[in-house]
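> In the numbering used here, the protein residues as written are -19 to 260.
Don't be surprised by glycine CBs; every beta carbon is placed ideally from N, CA and C.
Quantities reported herein were computed from a predicted structural model and do not represent experimental measurements.
My questions all concern the structure below.
Put into C-alpha coordinates, the structure is as follows:
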(Lines of atoms letter the chains of each structure in order from A and count residues from 1; the text may use other names and numbers.)
(Lines give C-alpha, C1' and ligand atoms only; values in the text may rest on other atoms or scores of the structure.)
Protein backbone atom coordinates (compact mmCIF):
# COMPACT_ATOMS: atom_id res chain seq x y z
CA UNK A 1 0.00 0.00 0.00
CA UNK A 2 1.20 3.57 -0.67
CA UNK A 3 2.70 5.40 2.29
CA UNK A 4 0.23 8.19 3.10
CA UNK A 5 1.88 9.31 6.35
CA UNK A 6 4.27 11.73 4.63
CA UNK A 7 2.50 14.63 2.87
CA UNK A 8 3.04 14.77 -0.87
CA UNK A 9 3.05 18.29 -2.33
CA UNK A 10 2.67 19.11 -6.01
CA UNK A 11 4.32 22.36 -7.10
CA UNK A 12 5.32 23.86 -10.41
CA UNK A 13 8.77 24.94 -11.54
CA UNK A 14 7.86 27.16 -14.42
CA UNK A 15 5.45 24.93 -16.33
CA UNK A 16 6.96 21.70 -15.03
CA UNK A 17 5.19 19.54 -12.46
CA UNK A 18 7.39 18.74 -9.47
CA UNK A 19 6.15 16.54 -6.64
CA UNK A 20 7.85 16.94 -3.25
CA UNK A 21 7.99 14.91 -0.07
CA UNK A 22 9.63 16.80 2.81
CA UNK A 23 11.22 15.25 5.90
CA UNK A 24 9.11 15.27 9.07
CA UNK A 25 10.31 17.48 11.90
CA UNK A 26 11.74 14.56 13.89
CA UNK A 27 13.79 13.19 10.96
CA UNK A 28 17.54 13.78 10.62
CA UNK A 29 18.18 16.38 7.92
CA UNK A 30 20.34 15.34 4.99
CA UNK A 31 22.40 17.96 3.24
CA UNK A 32 21.65 16.95 -0.35
CA UNK A 33 18.21 16.66 -1.96
CA UNK A 34 17.19 13.82 -4.26
CA UNK A 35 15.74 14.35 -7.74
CA UNK A 36 13.84 11.36 -9.15
CA UNK A 37 13.50 11.02 -12.93
CA UNK A 38 10.79 8.80 -14.40
CA UNK A 39 10.92 6.45 -17.35
CA UNK A 40 9.13 6.42 -20.69
CA UNK A 41 5.32 6.32 -20.69
CA UNK A 42 5.33 7.54 -17.07
CA UNK A 43 5.55 10.72 -14.97
CA UNK A 44 6.44 12.00 -11.52
CA UNK A 45 3.52 9.99 -10.15
CA UNK A 46 5.53 6.74 -10.32
CA UNK A 47 7.68 7.77 -7.32
CA UNK A 48 4.91 8.97 -4.99
CA UNK A 49 3.70 5.64 -3.58
CA UNK A 50 6.97 4.42 -2.13
CA UNK A 51 10.28 6.12 -2.85
CA UNK A 52 9.39 9.78 -2.16
CA UNK A 53 7.91 9.18 1.32
CA UNK A 54 10.49 6.52 2.20
CA UNK A 55 13.44 8.84 1.54
CA UNK A 56 11.70 11.86 3.08
CA UNK A 57 11.20 9.88 6.28
CA UNK A 58 14.98 9.40 6.34
CA UNK A 59 15.69 13.10 6.10
CA UNK A 60 15.97 13.72 2.36
CA UNK A 61 14.13 16.49 0.59
CA UNK A 62 12.77 14.35 -2.23
CA UNK A 63 11.46 15.67 -5.54
CA UNK A 64 10.13 13.84 -8.58
CA UNK A 65 9.89 15.73 -11.85
CA UNK A 66 7.46 15.20 -14.71
CA UNK A 67 9.38 15.83 -17.91
CA UNK A 68 7.56 18.04 -20.41
CA UNK A 69 4.67 16.25 -22.07
CA UNK A 70 4.40 13.84 -19.13
CA UNK A 71 2.20 13.82 -16.04
CA UNK A 72 1.17 17.37 -15.22
CA UNK A 73 3.88 19.05 -17.32
CA UNK A 74 2.62 20.56 -20.58
CA UNK A 75 4.73 20.46 -23.71
CA UNK A 76 5.80 23.43 -25.80
CA UNK A 77 5.69 21.25 -28.93
CA UNK A 78 3.90 18.17 -30.23
CA UNK A 79 4.90 15.21 -28.04
CA UNK A 80 6.47 13.14 -30.81
CA UNK A 81 8.92 15.96 -31.54
CA UNK A 82 10.27 16.08 -28.00
CA UNK A 83 13.90 15.01 -27.79
CA UNK A 84 16.13 13.68 -25.04
CA UNK A 85 17.82 17.11 -25.18
CA UNK A 86 14.47 18.67 -24.25
CA UNK A 87 14.19 16.35 -21.27
CA UNK A 88 17.74 17.22 -20.19
CA UNK A 89 16.76 20.90 -20.30
CA UNK A 90 13.87 20.11 -17.96
CA UNK A 91 16.30 18.56 -15.48
CA UNK A 92 18.49 21.66 -15.72
CA UNK A 93 15.47 23.87 -15.04
CA UNK A 94 14.53 21.87 -11.95
CA UNK A 95 18.10 21.76 -10.60
CA UNK A 96 18.47 25.52 -11.12
CA UNK A 97 15.25 26.14 -9.19
CA UNK A 98 16.43 23.98 -6.28
CA UNK A 99 19.76 25.81 -6.16
CA UNK A 100 17.97 29.16 -6.35
CA UNK A 101 16.01 28.16 -3.25
CA UNK A 102 19.17 27.43 -1.30
CA UNK A 103 19.66 23.71 -1.89
CA UNK A 104 22.85 22.17 -3.24
CA UNK A 105 22.71 20.29 -6.54
CA UNK A 106 20.63 17.13 -6.06
CA UNK A 107 21.55 13.49 -6.40
CA UNK A 108 19.90 12.16 -9.57
CA UNK A 109 17.96 8.89 -9.36
CA UNK A 110 16.76 7.87 -12.81
CA UNK A 111 14.58 4.89 -13.74
CA UNK A 112 14.69 3.45 -17.26
CA UNK A 113 14.54 6.45 -19.65
CA UNK A 114 15.15 8.69 -16.63
CA UNK A 115 18.48 6.95 -16.12
CA UNK A 116 19.38 7.66 -19.73
CA UNK A 117 18.40 11.32 -19.29
CA UNK A 118 20.62 11.46 -16.18
CA UNK A 119 23.57 10.14 -18.22
CA UNK A 120 23.00 12.80 -20.88
CA UNK A 121 22.67 15.52 -18.21
CA UNK A 122 26.05 14.54 -16.81
CA UNK A 123 27.78 15.22 -20.12
CA UNK A 124 27.78 18.94 -19.30
CA UNK A 125 26.37 19.42 -15.79
CA UNK A 126 27.27 18.50 -12.23
CA UNK A 127 25.54 16.16 -9.81
CA UNK A 128 27.12 14.99 -6.55
CA UNK A 129 26.06 11.40 -7.33
CA UNK A 130 23.68 9.47 -9.57
CA UNK A 131 21.73 6.22 -9.35
CA UNK A 132 20.86 4.37 -12.55
CA UNK A 133 17.85 2.17 -11.81
CA UNK A 134 16.95 -0.30 -14.58
CA UNK A 135 18.34 2.44 -16.82
CA UNK A 136 18.56 2.48 -20.60
CA UNK A 137 22.25 1.72 -21.18
CA UNK A 138 24.68 4.19 -22.75
CA UNK A 139 24.82 1.87 -25.78
CA UNK A 140 21.13 2.59 -26.37
CA UNK A 141 17.88 0.66 -26.77
CA UNK A 142 18.61 -1.45 -29.83
CA UNK A 143 19.80 -4.55 -27.93
CA UNK A 144 16.85 -4.28 -25.56
CA UNK A 145 14.44 -4.06 -28.49
CA UNK A 146 16.10 -7.03 -30.18
CA UNK A 147 15.92 -9.05 -26.96
CA UNK A 148 12.20 -8.29 -26.60
CA UNK A 149 11.58 -9.07 -30.27
CA UNK A 150 13.06 -12.54 -29.88
CA UNK A 151 11.78 -13.36 -26.39
CA UNK A 152 8.37 -11.64 -26.19
CA UNK A 153 7.30 -10.21 -29.57
CA UNK A 154 3.77 -9.82 -28.18
CA UNK A 155 5.04 -7.30 -25.62
CA UNK A 156 7.00 -5.41 -28.25
CA UNK A 157 3.73 -5.10 -30.18
CA UNK A 158 2.01 -3.79 -27.05
CA UNK A 159 4.76 -1.19 -26.55
CA UNK A 160 4.35 -0.04 -30.12
CA UNK A 161 0.61 0.18 -29.52
CA UNK A 162 1.22 2.52 -26.54
CA UNK A 163 3.58 4.67 -28.62
CA UNK A 164 0.84 4.93 -31.21
CA UNK A 165 -1.71 6.04 -28.62
CA UNK A 166 -3.57 2.75 -28.42
CA UNK A 167 -4.96 1.01 -25.36
CA UNK A 168 -3.06 -1.75 -23.61
CA UNK A 169 -4.40 -4.73 -21.68
CA UNK A 170 -3.90 -5.25 -17.95
CA UNK A 171 -2.15 -8.54 -18.76
CA UNK A 172 0.36 -6.70 -20.96
CA UNK A 173 1.01 -4.09 -18.24
CA UNK A 174 1.63 -6.90 -15.77
CA UNK A 175 3.96 -8.82 -18.08
CA UNK A 176 5.93 -5.73 -19.13
CA UNK A 177 6.48 -4.33 -15.66
CA UNK A 178 6.07 -6.98 -12.99
CA UNK A 179 7.65 -10.36 -12.29
CA UNK A 180 5.69 -11.01 -9.09
CA UNK A 181 1.98 -11.29 -8.28
CA UNK A 182 0.54 -7.78 -8.34
CA UNK A 183 -2.69 -6.27 -7.09
CA UNK A 184 -5.25 -5.57 -9.82
CA UNK A 185 -5.92 -2.09 -8.43
CA UNK A 186 -2.24 -1.20 -8.84
CA UNK A 187 -2.22 -2.53 -12.40
CA UNK A 188 -5.29 -0.44 -13.23
CA UNK A 189 -3.63 2.65 -11.73
CA UNK A 190 -0.50 2.07 -13.79
CA UNK A 191 -2.52 1.59 -16.96
CA UNK A 192 -4.58 4.72 -16.28
CA UNK A 193 -1.41 6.80 -15.79
CA UNK A 194 0.61 5.37 -18.68
CA UNK A 195 0.82 7.57 -21.76
CA UNK A 196 2.36 7.77 -25.18
CA UNK A 197 6.06 8.53 -25.44
CA UNK A 198 7.87 10.74 -27.90
CA UNK A 199 8.97 8.78 -30.96
CA UNK A 200 11.90 11.17 -31.38
CA UNK A 201 13.04 10.44 -27.80
CA UNK A 202 12.82 6.70 -28.53
CA UNK A 203 15.01 7.17 -31.62
CA UNK A 204 17.43 9.34 -29.63
CA UNK A 205 17.81 6.52 -27.09
CA UNK A 206 18.11 3.93 -29.83
CA UNK A 207 20.78 5.51 -31.98
CA UNK A 208 20.87 9.26 -32.52
CA UNK A 209 21.77 10.85 -29.15
CA UNK A 210 23.68 8.32 -27.12
CA UNK A 211 25.79 9.54 -24.16
CA UNK A 212 29.15 10.97 -25.17
CA UNK A 213 31.21 9.36 -22.45
CA UNK A 214 34.47 11.28 -23.03
CA UNK A 215 32.62 14.46 -22.04
CA UNK A 216 31.80 13.15 -18.59
CA UNK A 217 33.34 14.29 -15.36
CA UNK A 218 31.78 11.28 -13.73
CA UNK A 219 30.31 11.54 -10.23
CA UNK A 220 29.91 8.50 -7.99
CA UNK A 221 27.48 6.12 -9.74
CA UNK A 222 25.33 3.28 -8.46
CA UNK A 223 23.96 0.89 -11.10
CA UNK A 224 20.99 -1.28 -10.10
CA UNK A 225 18.81 -3.67 -12.06
CA UNK A 226 16.11 -6.33 -11.79
CA UNK A 227 16.67 -10.01 -12.55
CA UNK A 228 13.36 -10.52 -14.38
CA UNK A 229 13.26 -7.17 -16.19
CA UNK A 230 11.99 -7.69 -19.75
CA UNK A 231 12.40 -4.09 -20.90
CA UNK A 232 15.97 -3.42 -19.71
CA UNK A 233 17.30 -6.94 -19.13
CA UNK A 234 19.79 -7.50 -16.35
CA UNK A 235 22.60 -8.29 -18.81
CA UNK A 236 22.26 -4.76 -20.20
CA UNK A 237 22.34 -3.30 -16.69
CA UNK A 238 25.56 -5.23 -16.12
CA UNK A 239 26.90 -3.87 -19.41
CA UNK A 240 26.10 -0.34 -18.21
CA UNK A 241 28.05 -0.94 -15.02
CA UNK A 242 30.97 -2.42 -16.96
CA UNK A 243 31.03 0.66 -19.21
CA UNK A 244 31.65 2.74 -16.09
CA UNK A 245 34.09 0.21 -14.57
CA UNK A 246 31.55 -0.71 -11.89
CA UNK A 247 29.67 -3.78 -10.73
CA UNK A 248 25.88 -3.74 -10.97
CA UNK A 249 23.65 -5.00 -8.21
CA UNK A 250 20.79 -7.08 -9.62
CA UNK A 251 17.77 -7.69 -7.41
CA UNK A 252 16.40 -11.23 -7.74
CA UNK A 253 12.81 -11.94 -8.68
CA UNK A 254 11.94 -8.36 -9.66
CA UNK A 255 10.67 -6.83 -12.88
CA UNK A 256 11.03 -3.43 -14.50
CA UNK A 257 8.67 -1.75 -12.03
CA UNK A 258 11.29 -2.20 -9.34
CA UNK A 259 9.82 0.74 -7.41
CA UNK A 260 6.62 -1.24 -6.80
CA UNK A 261 7.66 -4.88 -6.68
CA UNK A 262 7.58 -6.66 -3.33
CA UNK A 263 10.92 -6.00 -1.72
CA UNK A 264 11.26 -2.50 -3.18
CA UNK A 265 12.44 -1.47 0.30
CA UNK A 266 15.62 -3.50 -0.32
CA UNK A 267 16.28 -1.33 -3.37
CA UNK A 268 15.64 1.87 -1.42
CA UNK A 269 17.86 0.69 1.44
CA UNK A 270 20.69 -0.12 -0.99
CA UNK A 271 20.49 3.42 -2.36
CA UNK A 272 20.29 4.96 1.11
CA UNK A 273 23.25 2.98 2.42
CA UNK A 274 25.31 3.92 -0.64
CA UNK A 275 24.47 7.60 -0.23
CA UNK A 276 25.44 7.43 3.44
CA UNK A 277 28.80 5.91 2.46
CA UNK A 278 29.53 8.88 0.23
CA UNK A 279 29.16 11.36 3.12
CA UNK A 280 27.80 14.01 0.77
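1) Are the region 104 to 114 and the region 196 to 210 touching by the rule of at least three beta carbon pairs closer than 8 Å?
2) Do residue 231 and residue 247 have their C-beta atoms within less than 8 Å of each other?
3) Since residue 151 is in the alpha helix (DSSP H), which residue starts that stretch and which ends it?
4) Can you pull the DSSP bridge partners for residue 205?
5) For a quick check, are the C-beta atoms of residue 62 and residue 49 less than 8 Å apart?
6) Report yes or no: do the region 179 to 189 and the region 204 to 222 share at least 3 C-beta pairs separated by less than 8 Å?
7) Cα separation between residue 168 and residue 150?
8) So is residue 72 buried or exposed if we call it buried at 16+ other beta carbons inside 10 Å?
9) To the nearest angstrom, report how far apart residue 209 and residue -12 are at their CA atoms.
10) Where residue -4 and residue 235 are concerned, what is the direct C-alpha to C-alpha distance, given to the nearest angstrom?
11) When burial is assigned at 16 or more other CB atoms within 10 Å of the CB, is residue 257 buried or exposed?
12) So, for residue 214: in the same chain, excluding its five sequence neighbours on each side, which residues have a beta-carbon less than 7 Å away from its beta-carbon?
13) With a threshold of 7 Å on Cβ separation, who are the neighbours of residue 59 within its own chain once the five nearest residues in sequence on each side are excluded?
14) Do you know offhand how far residue 81's Cα is from residue 74's?
15) In the DSSP assignment, find the beta strand (DSSP E) that holds residue 88 and state where it starts and stops.
16) Opposite residue -7 in the DSSP bridges: which residues?
17) Go ahead and pull the three-state DSSP assignment for residue 45.
18) Which one of 4, 161, -1 and 243 has the shortest CA to CA distance from residue 23?
19) To the nearest angstrom, report how far apart residue 152 and residue 183 are at their CA atoms.
20) So, with DSSP's three-state summary, where would you put residue 7?
21) Ignore the nearest five residues each way along the sequence and tell me which others in residue 12's own chain have a CB closer than 7 Å to its CB.
22) Which of helix, strand or coil does DSSP assign to residue 121?
23) Which whole-angstrom value describes the C-beta separation of residue 112 and residue 203, a residue pair presumed to lie in contact below a C-beta threshold of 8 Å?
24) To the nearest angstrom, how far is it from the Cα of residue 162 to the Cα of residue 154?
25) Since residue 67 and residue 97 are thought to touch, with beta carbons under 8 Å apart, how far apart are those beta carbons, to the nearest angstrom?
26) Hey, would you say residue 14 sits closer than 8 Å to residue 89, going by beta carbons?
27) So, for residue 226: in the same chain, excluding its five sequence neighbours on each side, which residues have a beta-carbon less than 7 Å away from its beta-carbon?
28) As a quick exercise: from 4, 28, 245 and 186, pick the residue whose alpha carbon is nearest that of residue 37.
29) What does the Cβ neighbour count give for residue 242, buried or exposed, with the cut at 16 atoms within 10 Å?
Let's see:
1) In this structure the region 104 to 114 touches the region 196 to 210; the number of beta carbon pairs closer than 8 Å is three or more.
2) Looking up residue 231 in the chain shown gives position 251. Looking up residue 247 in the chain shown gives position 267. The answer is yes: Cβ separation under 8 Å.
3) Indexing the chain shown from 1 puts residue 151 at position 171. Looking at the DSSP string, the run of the alpha helix (DSSP H) that includes residue 151 is 150 to 157.
4) For the purposes of this step, residue 205 is identified with residue 225 of the chain shown, where counting begins at 1. Among the bridge pairs identified by DSSP, residue 205 is matched with 230.
5) Locating residue 62 in the chain shown gives position 82, where the first residue counts as 1. Locating residue 49 in the chain shown gives position 69, where the first residue counts as 1. Yes, Cβ-Cβ distance for residue 62 and residue 49 is below 8 Å.
6) Touching, no, given that fewer than three Cβ pairs across the two stretches are closer than 8 Å.
7) What you label residue 168 is simply residue 188 of the chain shown in a count that begins at 1. What you label residue 150 is simply residue 170 of the chain shown in a count that begins at 1. The alpha-carbon atoms of residue 168 and residue 150 are separated by roughly 7 Å.
8) Here residue 72 corresponds to residue number 92 of the chain shown, with the count starting at 1. Exposed, since its Cβ has fewer than 16 Cβ neighbours within 10 Å.
9) Within the chain shown, the letter at position 229 stands for residue 209. Within the chain shown, the letter at position 8 stands for residue -12. Cα to Cα, the separation comes out at about 29 Å.
10) As a position in the chain shown, residue -4 is number 16, starting the count at 1. As a position in the chain shown, residue 235 is number 255, starting the count at 1. Take the alpha-carbon of residue -4 and the one of residue 235: they are about 29 Å apart.
11) Along the chain shown, one-based indexing puts residue 257 at 277. The residue is exposed, with fewer than 16 neighbouring Cβ atoms inside 10 Å.
12) Position 234 of the chain shown, counted from the first residue, corresponds to residue 214. If we look at residue 214 and ignore the five residues flanking it on each side, its Cβ neighbours are 205, 206, 207 and 230.
13) Numbered from its first residue, the chain shown carries residue 59 at position 79. Within the same chain, 49, 176 and 178 come within 7 Å of residue 59 by CB-CB distance, once the 5 residues on both sides are set aside.
14) The count along the chain shown starts at 1 and reaches residue 81 at position 101. The count along the chain shown starts at 1 and reaches residue 74 at position 94. Taking the CA atoms as reference points, residue 81 sits about 11 Å from residue 74.
15) On the chain shown, position 108 is the one that residue 88 refers to. Note, residue 88: beta strand (DSSP E), 87 to 91.
16) Looking up residue -7 in the chain shown gives position 13. The partner list for residue -7 (beta bridge, DSSP) reads -4.
17) The residue given as residue 45 occupies position 65 in the chain shown. Residue 45 falls in the strand class under three-state DSSP.
18) Counting from 1 along the chain shown, the entry for residue 23 is found at position 43. Ranking the options by Cα distance to residue 23, first place goes to -1.
19) Here the question's residue 152 lines up with position 172 in the chain shown. Here the question's residue 183 lines up with position 203 in the chain shown. The alpha-carbon atoms of residue 152 and residue 183 are separated by roughly 23 Å.
20) Reading the chain shown from its first residue, position 27 is the one you call residue 7. In the structure shown, residue 7 sits in coil (DSSP, three-state: anything other than H, G, I, E or B).
21) In the chain shown, residue 12 corresponds to position 32, counting from 1. The residues are 84, 86, 87, 108 and 260.
22) Numbered from 1 along the chain shown, position 141 holds the residue referred to as residue 121. Secondary structure at residue 121: coil, using DSSP grouped into helix, strand and coil.
23) Residue mapping note: residue 112 aligns to position 132 of the chain shown, counting from 1. Residue mapping note: residue 203 aligns to position 223 of the chain shown, counting from 1. Rounded, the Cβ-Cβ distance is 5 Å, consistent with contact.
24) Mapped onto the chain shown, residue 162 falls at position 182. Mapped onto the chain shown, residue 154 falls at position 174. For the pair residue 162 and residue 154, the Cα-to-Cα distance works out to about 8 Å.
25) Against the chain shown, residue 67 aligns to sequence position 87. Against the chain shown, residue 97 aligns to sequence position 117. Right, the Cβ-Cβ distance comes to about 5 Å (below 8 Å), so this counts as a contact.
26) Here residue 14 is taken as the residue at index 34 of the chain shown, counted from 1. Here residue 89 is taken as the residue at index 109 of the chain shown, counted from 1. If you check the CB distance, residue 14 and residue 89 come in under 8 Å.
27) Counting from one through the chain shown, the residue named residue 226 turns up at place 246. Within the same chain, residue 226 has close Cβ partners 201 and 203.
28) To locate residue 37, count along the chain shown from 1; it is residue 57. Checked all of 4, 28, 245 and 186; the closest Cα to residue 37 is 4.
29) Start at 1 with the first residue of the chain shown, and residue 242 comes out as number 262. Counting every other CB atom within 10 Å of its CB across the protein chains shown gives residue 242 a total below 16, marking it as exposed.
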